[in-house]
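If you read the sequence shown in the working numbering, its first letter stands for residue 8, the second for the next number, and so on. Structure record follows, encoded as structure tokens.
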Amino acid sequence: MNKTGSLRAHLEAAIPQLRHRKDSLLVFLDNGSLRCTAAPGLSFEYQYDLNVVLTDFPGHPDAVMIPLLAWVGTHQRELLENLDKANGSIKFEAEILSNKSVDLSITLPLTERVIVKKQADGTLQVTHPDEPQPEPYLEARHWQLIANGEPLADWDSPEAPA
8 MNKTGSLRAH LEAAIPQLRH RKDSLLVFLD NGSLRCTAAP GLSFEYQYDL NVVLTDFPGH
68 PDAVMIPLLA WVGTHQRELL ENLDKANGSI KFEAEILSNK SVDLSITLPL TERVIVKKQA
128 DGTLQVTHPD EPQPEPYLEA RHWQLIANGE PLADWDSPEA PA
């Protein structure tokens, strides 16, 4: 399952408070299942709820949510485009620890395709294709999020696949 590491790396790179406190970002997979059809072959899809927990986070929740939505726009786009899936699909809970910190838990449903192809020599080759990209969610460039003159997060949106 590659999306867990991808989202973790994106958040660590985008949010300054996580760059030096990587142990405060926890990632869990819940309610996992496999979806496979009766079609020939062993290809399947992982389906799971990803739970991202930030402990004792000293920043504003916007600094997490906006980079998260940028990642979702590339890696699980239907959560933003499909109204049936978008309504309530990304959930969060927060425990306010003080005026300066919060424990934040975000849960989102993810899927990952796994393609299994039999090779000429009889071996099986496994690939994890990227999500289809009709067009970039955000134009490919460096983005910076600022509120009240303070930088909250920054990240790079990738070029659209050819």
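Ideal placement from N, C-alpha and C gives every residue a C-beta, glycine not left out.
- Of the residues A147, N94 and K125, the one whose Cα lies closest to the Cα of W78 is A147.
- Counting the other Cβ atoms within 10 Å of the Cβ of K29 gives fewer than 16, which makes it exposed.
- Where E19 is concerned, the enclosing alpha helix (DSSP H) starts and stops at K10 to A21.
- Around V123, the same chain offers G48, L49, S50, L131 and V133 as residues with beta carbons nearer than 7 Å, after the five sequence neighbours per side are excluded.
- Straight across, the Cα-Cα distance linking I97 with D91 is about 12 Å.
- Considering only Q24, T11, S13 and M8, the residue with the shortest C-alpha distance to K107 is Q24.
- Within 10 angstroms of the beta-carbon of K10 lie 16 or more other beta-carbons, which makes it buried.
- In the three-state reduction of the DSSP assignment, R120 falls in the strand class.
- Taking the Cα positions, D137 is about 15 Å away from Q54.
- In terms of CA proximity to R42, L117 leads the group Q126, L117, P68 and F64.
- About 25 Å separates the CB atoms of E19 and V121; that is not less than 8 Å, and the two are not in contact.
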